[in-house]
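Asker: So the protein lines, in turn, are chains A and B.
Read left to right, the first sequence gives residues 1 to 246 (this note's numbering).
Read left to right, the second sequence gives residues 247 to 321 (this note's numbering).
Below is one structure. I have some questions about it.
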Amino acid sequence: MKVLISIDDTDDAFSKGTGQIAEMIADTLVGKELASVGRVTRHQLLIHPDIEYTSHNSSMCFEADIAEDSLSLVIASCAQKLAEESVEAADPGLAVVPIDRLADPARLMAFGLEAKERVITKEEAYTLAELLGVHLSEHGGTGIGVIGALAGAGLKLTGNDGRFKGKFRLTADADGISEVSQIKLQGVDAVRTLEGDTLQDQDRVHVGDECKLILRDGMAVLMVKPSDGASAAAWTVVDRKALRAF
Amino acid sequence: MSRIIETASGPAFVGSLDDDADLVHAASIATRCPGYSRDEDDECYVEGASPTCFNCRGRRWTADGFSCLKGLLAP
Numbered sequence: 001m002k003v004l005i006s007i008d009d010t011d012d013a014f015s016k017g018t019g020q021i022a023e024m025i026a027d028t029l030v031g032k033e034l035a036s037v038g039r040v041t042r043h044q045l046l047i048h049p050d051i052e053y054t055s056h057n058s059s060m061c062f063e064a065d066i067a068e069d070s071l072s073l074v075i076a077s078c079a080q081k082l083a084e085e086s087v088e089a090a091d092p093g094l095a096v097v098p099i100d101r102l103a104d105p106a107r108l109m110a111f112g113l114e115a116k117e118r119v120i121t122k123e124e125a126y127t128l129a130e131l132l133g134v135h136l137s138e139h140g141g142t143g144i145g146v147i148g149a150l151a152g153a154g155l156k157l158t159g160n161d162g163r164f165k166g167k168f169r170l171t172a173d174a175d176g177i178s179e180v181s182q183i184k185l186q187g188v189d190a191v192r193t194l195e196g197d198t199l200q201d202q203d204r205v206h207v208g209d210e211c212k213l214i215l216r217d218g219m220a221v222l223m224v225k226p227s228d229g230a231s232a233a234a235w236t237v238v239d240r241k242a243l244r245a246f
Numbered sequence: 247m248s249r250i251i252e253t254a255s256g257p258a259f260v261g262s263l264d265d266d267a268d269l270v271h272a273a274s275i276a277t278r279c280p281g282y283s284r285d286e287d288d289e290c291y292v293e294g295a296s297p298t299c300f301n302c303r304g305r306r307w308t309a310d311g312f313s314c315l316k317g318l319l320a321p
């Protein structure tokens, strides 16, 4: 069965980040042979003075494929690792969403989108989790991270939010240029412009040394912009600044 | 144009990644800052390795800029 595992509020300004802890949880599940896992995605939530967050108020989520009878073991393993790795000053939360058993997926997605627009209470998160049959638990501090954890899972479920953690090095020629057909052989599902147009296989992109991918239509998407003569290729990957919008 | 303002929780930088002057201002502050520490790569929005408050582990994003968790923001 497929589950979404989402965490939030694990760090302070000086500790390892939530994304790193999400990867550690994923690695632990794989190491225990409890799951095969997908890539971690980062989901931006509302920046607001009434919300307690460390520095950017984002949550981290990944999909895992687990055995039908191992859900309790998986939850326990995630919870243990989360508690071990979170700092004392943090308020960590964990959500584990059995995708196929979800009572009302649209409600969870709507919750995620709402968490980008308004301040949500912990009680609202727990109420919805119970209604939908989602595991939601807190592991220290005020436990306020349950809100972001649940929201992160909802946003991941939309398939249209956030970006993949980490940088991706794509094979290219000596000028840092690669064809879309080659890019799509390297873990990238599509190459699109900021306006939403999809590039064709024969289009050429200046990919440089490293790229970031975003989650769109359930796919790992490389975002590009016109190179405007700065490269021999017609397209170049967008700069970091543009990624903040995702 | 960026500016440093005083808030209840300390000094805050009002400015934007989209404004070149703000980028210069944030780089100038970070270059002189004894507490500068680059955030993990996924949270950095300015290209390159040069110090800038926009990439600092100690900045806390706000609706119109960021505050400094280390209390070191100074004009």
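By construction, the Cβ of each residue, glycine as well, lies at the ideal position given by its N, Cα and C atoms.
Small disclaimer: the values here were computed from a predicted structure and weren't measured.
I want to verify the contact list: residues of chain B whose CB lies under 9 Å from the CB of Lys167/A, in sequence order.
Answerer: Here the neighbours are Asp287, Asp288.
Asker: Any residues in the region 186 to 203 of chain A with a beta carbon nearer than 7 Å to a beta carbon of chain B? Which ones, in chain order?
Answerer: none
Asker: For Ser58/A, does the count of other Cβ atoms within 10 angstroms reach 16, so buried, or fall short, so exposed?
Answerer: The residue in question, Ser58/A, is buried, as its Cβ has 16 or more Cβ neighbours within 10 Å.
Asker: For Ile66/A, name the three-state secondary structure that DSSP assigns.
Answerer: strand
Asker: Once the 5 residues before and after Val16/A are set aside, which same chain residues still bring their CB inside 8 Å of it?
Answerer: The question names Val, yet the displayed sequence has Lys at residue 16/A. Within the same chain, Lys16/A has close Cβ partners Glu85.
Asker: So with CB distances below 7 Å, who are the chain B contacts of His56/A?
Answerer: Glu289, Trp307
Asker: Between Gly311/B and Ala258/B, how many whole angstroms is the CB-CB distance? I'm expecting something under 8 Å.
Answerer: 6 Å
Asker: Which residues mark the beginning and the end of the beta strand (DSSP E) in which Met219/A is found?
Answerer: In the DSSP annotation of this structure, the continuous segment of the beta strand (DSSP E) that includes Met219/A starts and ends at 219 to 226.
Asker: Are the Cβ atoms of Lys165/A and Val40/A separated by less than 7 Å?
Answerer: Against a cut-off of 7 Å, the Cβ pair of Val40/A and Lys165/A comes out as a contact.
Asker: Pull the bridge partners of Ala258/B from the DSSP assignment, please.
Answerer: DSSP lists Ile251/B, Ser313/B as partners of Ala258/B.
Asker: Are the CB atoms of Ala309/B and Ile47/A nearer to each other than 7 Å?
Answerer: yes
Asker: Taking Leu132/A and Ala103/A to be in contact with their CB atoms under 8 Å, please state how far apart those CB atoms are, rounded to whole angstroms.
Answerer: 5 Å
Asker: Cα separation between Leu194/A and Ser72/A?
Answerer: Cα-Cα distance, rounded: 41 Å.
Asker: Pick out the complete alpha helix (DSSP H) segments inside the region 173 to 226 of chain A, 4 residues or longer, and give them in chain order.
Answerer: Within the region 173 to 226 of chain A, the complete alpha helix (DSSP H) runs of at least 4 residues are 180 to 183.
Asker: Quick check: Thr54/A and Asp91/A, are their CB atoms within less than 7 Å of each other?
Answerer: no
Asker: Do Met60/A and Arg42/A have their CB atoms nearer than 7 Å?
Answerer: yes
Asker: Tell me the residue span of the alpha helix (DSSP H) that contains Ser274/B.
Answerer: 266 to 278
Asker: Look up Ala35/A in the DSSP assignment and give the residues it is bridged to.
Answerer: Ile66/A
Asker: Cβ of Cys279/B within 7 Å of Cβ of Leu318/B?
Answerer: yes
Asker: Just how far apart, CA to CA, sit Arg306/B and Gly93/A?
Answerer: 20 Å
Asker: If we ignore side chains and look at the alpha-carbon of each, how far apart do Gly140/A and Ser181/A end up?
Answerer: Spanning the two alpha carbons is a distance of roughly 47 Å.
Asker: Is it buried or exposed, Asp239/A, if we count other Cβ atoms within 10 angstroms and call 16 or more buried?
Answerer: exposed
Asker: List, in order along the chain, the chain B residues whose C-beta lies closer than 8 Å to that of Leu108/A?
Answerer: Per Cβ cutoff of 8 Å: no residues; Leu108/A is ~24 Å from chain B at best.
Asker: In angstroms with no decimal places, state the Cα-to-Cα distance between Ala276/B and Gly261/B.
Answerer: The straight-line gap from Cα to Cα measures roughly 14 Å.
Asker: Using a Cβ-Cβ cutoff of 8 Å, what residues of the region 226 to 246 of chain A are near chain B? List them in chain order.
Answerer: Listed by position, the residues of the region 226 to 246 of chain A near chain B (Cβ gap below 8 Å) are Asp239, Arg240, Lys241, Leu243, Arg244.
Asker: Please tell me whether Gly294/B has its Cβ less than 7 Å away from any Cβ of chain A.
Answerer: no
Asker: Shortest alpha-carbon distance to Lys241/A belongs to which of Gly229/A, Ala234/A, Lys212/A, Pro226/A?
Answerer: Lys212/A
Asker: What are the boundary residues of the alpha helix (DSSP H) that Ser6/A is part of?
Answerer: Where Ser6/A is concerned, there is no enclosing alpha helix (DSSP H), although the beta strand (DSSP E) it sits in stretches over 2 to 8.
Asker: What three-state label does DSSP hand Ala233/A in the structure shown?
Answerer: coil
Asker: Using a C-beta to C-beta distance shorter than 7 Å, which residues of chain B count as neighbours of Ile120/A?
Answerer: The contacting residues do not exist; Ile120/A stays about 17 Å from chain B at best.
Asker: Does any CB atom of chain B fall closer than 7 Å to the CB of Gly176/A?
Answerer: no
Asker: Can the beta-carbon of Leu215/A be found less than 7 Å from the beta-carbon of Gly162/A?
Answerer: yes
Asker: Candidates Leu269/B, Asp265/B, Gly281/B, Ala272/B: which alpha carbon is nearest Ala13/A's?
Answerer: That would be Gly281/B, whose Cα lies nearest to the Cα of Ala13/A.
Asker: Is Ala255/A close to chain B? Criterion is C-beta to C-beta, closer than 7 Å.
Answerer: Missing from the structure shown is residue 255/A; chain A here goes from 1 to 246 and no further.
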